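Below: the structure, in structure tokens.
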Amino acid sequence: SFLKIAPGWCEISYLNKMDDEKMTLREYLLAWVFASINAEHGFALSVTKKAYERFGDNFILKLQKESRRRLSYGYLRLGKKVFKHILKLKK
406 SFLKIAPGWC EISYLNKMDD EKMTLREYLL AWVFASINAE HGFALSVTKK
456 AYERFGDNFI LKLQKESRRR LSYGYLRLGK KVFKHILKLK K
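The opening position of the sequence shown corresponds to residue 406 in our numbering, with each subsequent residue numbered one higher.
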């Protein structure tokens with residue numbers, strides 16, 4: 406079936422909103438790393454936007470580009486799954 410079976414348990418991760426104005430560039434970079442490892446690419450992109458607004462470091466733009474690339478790839482994979490499912494329905 407197209408929908409996956411839901412498990413009887415779940416794992417919850419808490420990701421910081423990054424609202425504290427005392428956060429350092431290092432903390433933003435760590436947040437990006439952990440978000441990317443957890444495949445939370447939308448959150449990672451949000452972190453880079455806030456970090457760039459605050460620090461203006463050009464390295465952050467490279468991280469932003471990577472987050473966008475990974476986010477776009479996820480949408481591409483979803484589109485392929487939906488397309489394959491539609492083809493199966495037509496058979």
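Don't be surprised by glycine CBs; every beta carbon is placed ideally from N, CA and C.
Just so you know, these numbers come straight off a predicted model, no measurement behind them.
- With respect to the C-alpha of LYS467, the residue from GLY413, VAL438, GLU426 having the closest C-alpha is VAL438.
- Bounds of the alpha helix (DSSP H) holding THR453 are 446-460.
- The Cβ atoms of ALA440 and ALA449 sit closer than 8 Å to each other.
- A straight line joining the alpha-carbon of THR429 with that of ARG482 spans about 35 Å.
- For GLY484, the uninterrupted alpha helix (DSSP H) segment begins and ends at 463-495.
- Rounded to the nearest whole angstrom, the C-alpha separation of ILE465 and LEU476 is 16 Å.
- The C-beta of ALA436 has 16 or more other C-beta atoms within 10 Å across all chains shown, which makes the residue buried.
- TYR419 sits in coil when the DSSP states are folded into three classes, being neither helix nor strand.
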